[in-house]
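Quick notes on the structure that follows.
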Amino acid sequence: MKKILIVYYSRTETTKKVAMQLAEKLGADVEEIKDTVDRKGAKGYLISGRDATLRKLTVLEKSENNPSNYDLVIIGTPIWSWNMSVPVRTYLTDRKDEFPEVAFFCTMGGSGDKRAFAEMGEIIGKQPIATLTLKTVEVVKDLAQEKIDEFVKSIN
Ligand SMILES: Cc1cc2nc3c(=O)[nH]c(=O)nc-3n(C[C@H](O)[C@H](O)[C@H](O)COP(=O)(O)O)c2cc1C
1 MKKILIVYYS RTETTKKVAM QLAEKLGADV EEIKDTVDRK GAKGYLISGR DATLRKLTVL
61 EKSENNPSNY DLVIIGTPIW SWNMSVPVRT YLTDRKDEFP EVAFFCTMGG SGDKRAFAEM
121 GEIIGKQPIA TLTLKTVEVV KDLAQEKIDE FVKSIN
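In this text, residue positions in the sequence shown follow the working numbering: the first is 1, and each later residue adds one.
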């Protein structure tokens, strides 16, 4: 069995919910990417959207797991302004030479996944073996099981 790490950032717990479901199905370790910037509320929304558009980086709290200790790292992000989230961009940039095989997932209101996935692959110089895009509403209403199972199958 592959040793798998799931790393995710989540501002409002949608992406977290998917990460936890994947972890259970895959028997994977999970790590939350924690930002030192407060992104709560309307002000947090505004700075996050602006910083994602500008492809800015942030300062993350120290992470616990080393991606290079795994066979596969699955990276999850919310879509912000048709981009990956700022904390995920930072995580990938900080550790860009440490990744084994990767897979990506995202949650979003409606669009931006393709560009975000392409850029995530560019930053670390690797193409994902699988990707999963879920809309927020699908996750919240538990309508994503089929897509999640398909993703899990393509990884195993
Ligand atoms: C600053 C900001 C910008 C966003 N921009 C987009 C976007 O461009 N496209 C989209 O489909 N959803 C966008 N969303 C919605 C989020 O991607 C969506 O709600 C996601 O599921 C949130 O994940 P989380 O709960 O894990 O933080 C944006 C949300 C935020 C906070």
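Every residue gets a Cβ at the ideal spot worked out from N, C-alpha and C, and that includes glycine. Everything numeric in this text was worked out from a predicted model, so none of it was measured.
CA-CA distance, residue i and residue j?
i    : j    : result
G131 : F151 : The sequence as given places Thr at residue 131; Gly does not occur at that position. Each residue's alpha carbon lies about 7 Å from the other.
R11  : I148 : 21 Å
E122 : D35  : 22 Å
T136 : L46  : 19 Å
V86  : L134 : 19 Å
A23  : A103 : 13 Å
K141 : D94  : 34 Å
Q21  : R50  : 30 Å
V18  : K153 : 15 Å
E146 : M120 : 25 Å
Name the DSSP beta bridge partners of residue i, please?
i    : result
M84  : I79
K135 : M108
I believe residue i touches residue j by the beta-carbon criterion, under 8 Å. Please report the beta-carbon distance rounded to the nearest angstrom.
i    : j    : result
I33  : Y8   : 7 Å
V37  : T58  : 5 Å
N65  : E98  : With a Cβ gap of about 10 Å, N65 and E98 do not count as contacting.
I79  : C106 : 5 Å
F117 : P100 : Wrong, their Cβ atoms sit about 18 Å apart, outside the cutoff.
T90  : L54  : Not really, about 13 Å apart at Cβ, beyond 8 Å.
At what residues does the beta strand (DSSP E) containing residue i begin and finish?
i  : result
L5 : 4 to 8
Tell me the residue span of the alpha helix (DSSP H) that contains residue i.
i    : result
D149 : 145 to 155
Threshold first: 3 residues or longer. Then list the beta strand (DSSP E) segments lying entirely within the segment 96 to 133, N to C. Entirely contained in the segment 96 to 133, the beta strand (DSSP E) runs reaching 3 residues are, in chain order, 101 to 108.
Kindly provide the ranges of any alpha helix (DSSP H) runs that are 4 or more residues long and lie completely inside the segment 14 to 72, ordered along the chain. Runs of the alpha helix (DSSP H) inside the segment 14 to 72: 14 to 26, 41 to 53.
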